[in-house]
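K.L.:
Have a look at this one.
There are 2 protein chains.
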Amino acid sequence: MKKISIRDIAKKAGVVPSTVSFVLNGKDKEMRISQVLTDKIKAIIEETGYYPNHTAVSLRTGKTKILGMLVEDIANVFFSTLARTIEDEAYAIGYKIVYCSTENNDEKGIELLKMLCRQQVDGFMITPSAGMVKEIQQLREQKMPLVLMDRYFPGLDIPYTLVDNQDGVQQGIEHLLQKGYKNIAFVTVDLDQVQMKERERAYKQVLQANQLSADNNLLKIPYKLKPEQYIDAITLFLKERTSIDAVFFATNYLGVYGLQSIRCLKLSIPADIAVVCFDDHDMFRFYTPSITVISQPIETIAKTAIRLLVEQLEKGVSTSNKKGVFVKGQLVLRNST
Amino acid sequence: MKKISIRDIAKKAGVVPSTVSFVLNGKDKEMRISQVLTDKIKAIIEETGYYPNHTAVSLRTGKTKILGMLVEDIANVFFSTLARTIEDEAYAIGYKIVYCSTENNDEKGIELLKMLCRQQVDGFMITPSAGMVKEIQQLREQKMPLVLMDRYFPGLDIPYTLVDNQDGVQQGIEHLLQKGYKNIAFVTVDLDQVQMKERERAYKQVLQANQLSADNNLLKIPYKLKPEQYIDAITLFLKERTSIDAVFFATNYLGVYGLQSIRCLKLSIPADIAVVCFDDHDMFRFYTPSITVISQPIETIAKTAIRLLVEQLEKGVSTSNKKGVFVKGQLVLRNST
DNA sequence: CTGAAAGCGCTTACAG
DNA sequence: CTGAAAGCGCTTACAG
Numbered sequence: 001m002k003k004i005s006i007r008d009i010a011k012k013a014g015v016v017p018s019t020v021s022f023v024l025n026g027k028d029k030e031m032r033i034s035q036v037l038t039d040k041i042k043a044i045i046e047e048t049g050y051y052p053n054h055t056a057v058s059l060r061t062g063k064t065k066i067l068g069m070l071v072e073d074i075a076n077v078f079f080s081t082l083a084r085t086i087e088d089e090a091y092a093i094g095y096k097i098v099y100c101s102t103e104n105n106d107e108k109g110i111e112l113l114k115m116l117c118r119q120q121v122d123g124f125m126i127t128p129s130a131g132m133v134k135e136i137q138q139l140r141e142q143k144m145p146l147v148l149m150d151r152y153f154p155g156l157d158i159p160y161t162l163v164d165n166q167d168g169v170q171q172g173i174e175h176l177l178q179k180g181y182k183n184i185a186f187v188t189v190d191l192d193q194v195q196m197k198e199r200e201r202a203y204k205q206v207l208q209a210n211q212l213s214a215d216n217n218l219l220k221i222p223y224k225l226k227p228e229q230y231i232d233a234i235t236l237f238l239k240e241r242t243s244i245d246a247v248f249f250a251t252n253y254l255g256v257y258g259l260q261s262i263r264c265l266k267l268s269i270p271a272d273i274a275v276v277c278f279d280d281h282d283m284f285r286f287y288t289p290s291i292t293v294i295s296q297p298i299e300t301i302a303k304t305a306i307r308l309l310v311e312q313l314e315k316g317v318s319t320s321n322k323k324g325v326f327v328k329g330q331l332v333l334r335n336s337t
Numbered sequence: 338m339k340k341i342s343i344r345d346i347a348k349k350a351g352v353v354p355s356t357v358s359f360v361l362n363g364k365d366k367e368m369r370i371s372q373v374l375t376d377k378i379k380a381i382i383e384e385t386g387y388y389p390n391h392t393a394v395s396l397r398t399g400k401t402k403i404l405g406m407l408v409e410d411i412a413n414v415f416f417s418t419l420a421r422t423i424e425d426e427a428y429a430i431g432y433k434i435v436y437c438s439t440e441n442n443d444e445k446g447i448e449l450l451k452m453l454c455r456q457q458v459d460g461f462m463i464t465p466s467a468g469m470v471k472e473i474q475q476l477r478e479q480k481m482p483l484v485l486m487d488r489y490f491p492g493l494d495i496p497y498t499l500v501d502n503q504d505g506v507q508q509g510i511e512h513l514l515q516k517g518y519k520n521i522a523f524v525t526v527d528l529d530q531v532q533m534k535e536r537e538r539a540y541k542q543v544l545q546a547n548q549l550s551a552d553n554n555l556l557k558i559p560y561k562l563k564p565e566q567y568i569d570a571i572t573l574f575l576k577e578r579t580s581i582d583a584v585f586f587a588t589n590y591l592g593v594y595g596l597q598s599i600r601c602l603k604l605s606i607p608a609d610i611a612v613v614c615f616d617d618h619d620m621f622r623f624y625t626p627s628i629t630v631i632s633q634p635i636e637t638i639a640k641t642a643i644r645l646l647v648e649q650l651e652k653g654v655s656t657s658n659k660k661g662v663f664v665k666g667q668l669v670l671r672n673s674t
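Note that the protein sequences, when read in sequence, are chains A and B. Note that the working numbering has the first sequence beginning at 1, numbered continuously upward. Note that the working numbering has the second sequence beginning at 338, numbered continuously upward.
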């Protein structure tokens, strides 16, 4: 039972393959193929269950209708949620997604980029690590449609979309200030990543704008420690600084560890200490009586990414393509009922 | 700057494209191409940065080296973790993955299946919904390599891999019995899914084997309610049955809701009530002083799935392909430090 | 309206 | 060892 080809359909219909192709691609009117013939061909296609070989179409048209998605780690809920929306948006306009996880590793990311180029993907959606900048610039120069997500390279002409870190931190800190907290610590991870740096900068800036000093209340923890090590580091930090009455955690998992520390120290929340986290986490819904979160609008980010990509896919890549979009985060109070 | 093709390389090397192709595919020895020539060609390939157009290779060889992965929902941590390991395994042997989420919806699943067939994927890894059985059987008859994950169709000749539900429930219940609990409730979701039915059956069977009645302690909650509704249902159930001293939640999110209910009822854990959950959840590590979990070895499931698929990819699909593999779950005690 | 032909970029028997 | 040719299954100018 060999696969049916367009020639088989043509033979059955008593026409030449081109005619079938025109019908298949909705060019029957344009090519002035009679309605009767069109219907006949459509009936045969229906009846035989024929569908075009996508590989052949790709080779001929030069378009695979596949997009490459490079995220840091698909098992991470942020990226898998992103992937979910991207999937819907992409499939709706006829694109499939090939995914891979870079692990935030430059070499792996570059390798995967090459692999997907070889695969002839039509475009890229990338959560880049800092070391991938050269390869990404090259792709951009070669007019490959691409968009960065969750990260970006400030100053470079590469489209991106991510949460507005500056604004988010500002929302969070001002929320705490408004509640009357004065000694607001900031716990972040020591990582060469634009968004972390921006969050830290924003923290300092907002405190400064309010005539408060950020000098002694900043904790930077190394990247990729074990849970216990995070918890210990935060515990030690909080123990030594009893004047702290609020903490801003720069990302959700720090918040999760921080809550553990706070519990170890028998500080109650929010009576003794107020907490704000960047990025949401399932756990915040249950863990504690009250925690404030700067929630990333992941759906919006995903939709924006696809929009920016489609723009390039359709109109071609140029410097006139809208460069970058910051999406506002949302202040959300998480309460367990 | 047009893309370089094999003909360009051939021209540069002063040979015919076939020769380049042989070198490219490691058939230089076989075709007795001189070492000198091979080296020369390789140097040119290196120098020009040429790589074969995968679409053309696919059309010619009939193999796309793409696998289709249909999961219920990529945003769900179980499936995204599965996806992560599958990715590693697949890339290591030269396959890419196209993913899609079926939402456990028969029609959507069938549609996606068709779409991926059109895309000429080489094989499928599927988390099927019950209604997809016919289409999956058809694929199997057409000798399409495929493997089911997390679900299966008992009695049908379709390879699968999933956790051993019977064994897992038995481990959990016997753990509770051993601890001296006598009135063990079972909370599950009312869904036509093999694994849920198997877990329920196992619960009844184990109780029966221990001369205990399961009649009054079984709660089946409708699928896809809102969190509050789950919590309310469980709360009501536990309130009405004060003799219950332990609960087995059939899946992790029920456990998460259950813990909320237990907290609402001011029952402490595990002093007043012991809890076991099927499937792990991040939250169990933090939420409560102690909870026992039947942890699914997701990595093993993923690796097994790839293994079963590769077997078919390489040796062809036949009824002699090993049919199904149950993977044993692990009893894990979750403690917060 | 329809047909014959070229060509997308490869791989692989076949001939020498 | 090397070369010429067919063909994977399509699409699309071109000619009539």
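Positions of the beta carbon are idealized from the N, C-alpha and C atoms, including for glycine.
Identify each residue in the region 381 to 413 of chain B for which the Cβ-Cβ distance to at least one residue of chain A is less than 8 Å, and report them in chain order.
P.N.:
Within the region 381 to 413 of chain B, the residues whose Cβ lies closer than 8 Å to some Cβ of chain A are 388, 389, 390, 391, 392, 393, 395, 396, 401, 403, 410, 411, 412, 413, listed in chain order.
K.L.:
State the beta-bridge partners of residue 611(B) as determined by DSSP.
P.N.:
In the DSSP output, where bridge partners are listed per residue, residue 611(B) has 583(B).
K.L.:
Please report the Cβ distance between residue 346(B) and residue 385(B), rounded to the nearest whole angstrom; I am assuming they are in contact, meaning their Cβ atoms lie under 8 Å.
P.N.:
At roughly 7 Å, the Cβ-Cβ gap stays under 8 Å, so residue 346(B) and residue 385(B) are in contact.
K.L.:
Using a C-beta to C-beta distance shorter than 8 Å, which residues of chain B count as neighbours of residue 20(A)?
P.N.:
Those do not exist, as residue 20(A) stays about 16 Å from chain B at its closest Cβ, beyond 8 Å.
K.L.:
What residue from 592(B), 411(B), 399(B), 539(B) has the CA that sits closest to residue 82(A)'s CA?
P.N.:
Of 592(B), 411(B), 399(B), 539(B), the residue nearest in Cα terms is 411(B).
K.L.:
Ignore the nearest five residues each way along the sequence and tell me which others in residue 442(B)'s own chain have a CB closer than 8 Å to its CB.
P.N.:
Closer than 8 Å at the Cβ level, and outside the excluded window around residue 442(B), lie 466.
K.L.:
Pick helix, strand or coil for residue 359(B), following the three-state DSSP scheme.
P.N.:
The answer is helix: DSSP assigns residue 359(B) an H, G or I state.
K.L.:
With DSSP as the reference, label residue 153(A) as helix, strand or coil.
P.N.:
Coil.
K.L.:
Residues of the region 93 to 117 of chain A in Cβ contact with chain B at a cutoff of 7 Å, in chain order, please.
P.N.:
Of all residues in the region 93 to 117 of chain A, 96, 97, 98, 99, 100, 101 have a Cβ within less than 7 Å of some Cβ in chain B.
K.L.:
Please determine, among 294(A), 53(A), 24(A), the residue with the shortest C-alpha to C-alpha distance to residue 399(B).
P.N.:
Per the Cα distances, 53(A).
K.L.:
Leaving out the 5 sequence neighbours to the left and right, which residues in its chain are closer than 7 Å to residue 299(A) when beta-carbon positions are compared?
P.N.:
Counting only Cβ-Cβ distances below 7 Å, and skipping sequence neighbours, we find 85.
K.L.:
Answer yes or no: do residue 504(B) and residue 660(B) have a C-beta to C-beta separation smaller than 8 Å?
P.N.:
Their beta carbons are not under 8 Å apart, which means residue 504(B) does not touch residue 660(B) by this criterion.
K.L.:
Decide if the region 271 to 288 of chain A is in contact with the region 247 to 261 of chain A; the criterion is three or more beta carbon pairs, one per stretch, under 8 Å apart.
P.N.:
Touching, yes.
K.L.:
So residue 338(A) and residue 310(A) are supposed to be a Cβ contact under 8 Å. How far apart are they, rounded?
P.N.:
This structure does not reach residue 338(A), given that chain A is present from 1 up to 337, and the question cannot be answered.
K.L.:
Would you call residue 228(A) buried or exposed, if buried means 16 or more other Cβ atoms sit within 10 Å of its Cβ?
P.N.:
Exposed, because fewer than 16 other Cβ atoms sit within 10 Å of the Cβ of residue 228(A).
K.L.:
Based on the DSSP secondary-structure assignment, which residues constitute the bridge partners of residue 461(B)?
P.N.:
Answer is 405(B), 483(B).
K.L.:
Taking only beta-carbon atoms, is residue 417(B) less than 8 Å away from chain A?
P.N.:
Interface residue, yes.
K.L.:
Using three-state DSSP, classify residue 658(B) as helix, strand or coil.
P.N.:
Correct three-state label for residue 658(B): coil.
K.L.:
Would you kindly work out how many angstroms separate the C-alpha atoms of residue 318(A) and residue 91(A), rounded to a whole number?
P.N.:
Using only the alpha carbons, I get a separation of about 25 Å.
K.L.:
Please classify residue 670(B): is it buried, with 16 or more other beta-carbons within 10 angstroms of its beta-carbon, or exposed?
P.N.:
So residue 670(B) counts as exposed.
K.L.:
For residue 537(B), which residues in chain A fall below 7 Å Cβ to Cβ?
P.N.:
Result: empty, since nearest Cβ-Cβ is about 26 Å, beyond 7 Å.
K.L.:
Between the C-alpha atoms of residue 674(B) and residue 573(B), what's the straight-line distance to the nearest angstrom?
P.N.:
Residue confidence for residue 674(B) is low, a pLDDT of 43 falling below 50, so the modelled location carries little weight and cannot support an answer.
K.L.:
List, in order along the chain, the chain B residues whose C-beta lies closer than 8 Å to that of residue 84(A)?
P.N.:
Result: 410, 411, 412, 438.
K.L.:
Starting from residue 456(B), find everything on chain A with Cβ-Cβ shorter than 7 Å and list it in chain order.
P.N.:
Chain A residues near residue 456(B): 54, 96.
K.L.:
So, at 7 Å on beta carbons, what are the nonlocal neighbours of residue 177(A) in its own chain, with the 5 sequence-adjacent residues on each side left out?
P.N.:
Excluding sequence neighbours, residue 177(A) sits near 210.
K.L.:
Could you say if the region 241 to 254 of chain A and the region 213 to 226 of chain A meet the contact criterion of at least three C-beta pairs nearer than 8 Å?
P.N.:
In short, these stretches touch, since the Cβ pair count reaches three.
K.L.:
Less than 8 Å separating the beta-carbons of residue 140(A) and residue 195(A)?
P.N.:
For residue 140(A) and residue 195(A), no; Cβs fall outside 8 Å.
K.L.:
Quick check on the burial criterion: 16 or more other C-beta atoms within 10 angstroms. Buried or exposed for residue 353(B)?
P.N.:
Exposed, because fewer than 16 other Cβ atoms sit within 10 Å of the Cβ of residue 353(B).
K.L.:
Alpha carbon to alpha carbon, how far is residue 338(B) from residue 403(B)?
P.N.:
Below a pLDDT of 50, predicted positions are generally treated as unreliable, and residue 338(B), at 45, falls in that range; the measurement from the model is reported next regardless. Roughly 28 Å separates the two Cα atoms.
K.L.:
Spatial neighbours of residue 330(A) within its chain, please: CB distance less than 6 Å, with the 5 preceding and 5 following residues excluded, ordered by chain position.
P.N.:
The answer, listed in chain order, is 295.
K.L.:
At the level of alpha carbons, what is the spacing between residue 205(A) and residue 184(A)?
P.N.:
Cα-Cα distance, rounded: 13 Å.
K.L.:
For residue 330(A), does the three-state DSSP call read helix, strand or coil?
P.N.:
Note: residue 330(A) maps to strand in three-state DSSP.
K.L.:
Express the C-alpha separation of residue 570(B) and residue 557(B) in angstroms, rounding to a whole number.
P.N.:
Those two C-alpha atoms are separated by around 9 Å.
K.L.:
For a contact defined as C-beta to C-beta under 9 Å, what are the partners of residue 91(A) on chain B?
P.N.:
The contacting residues are 437, 449, 452.
K.L.:
Which same chain residues end up closer than 8 Å to residue 127(A) when comparing Cβ atoms and leaving out the 5 residues on each side of it in sequence?
P.N.:
Answer for residue 127(A): 70, 71, 72, 79, 102, 148, 149, 150, 151, listed in chain order.
K.L.:
For residue 523(B), which residues does DSSP report across the bridge?
P.N.:
555(B), 585(B).
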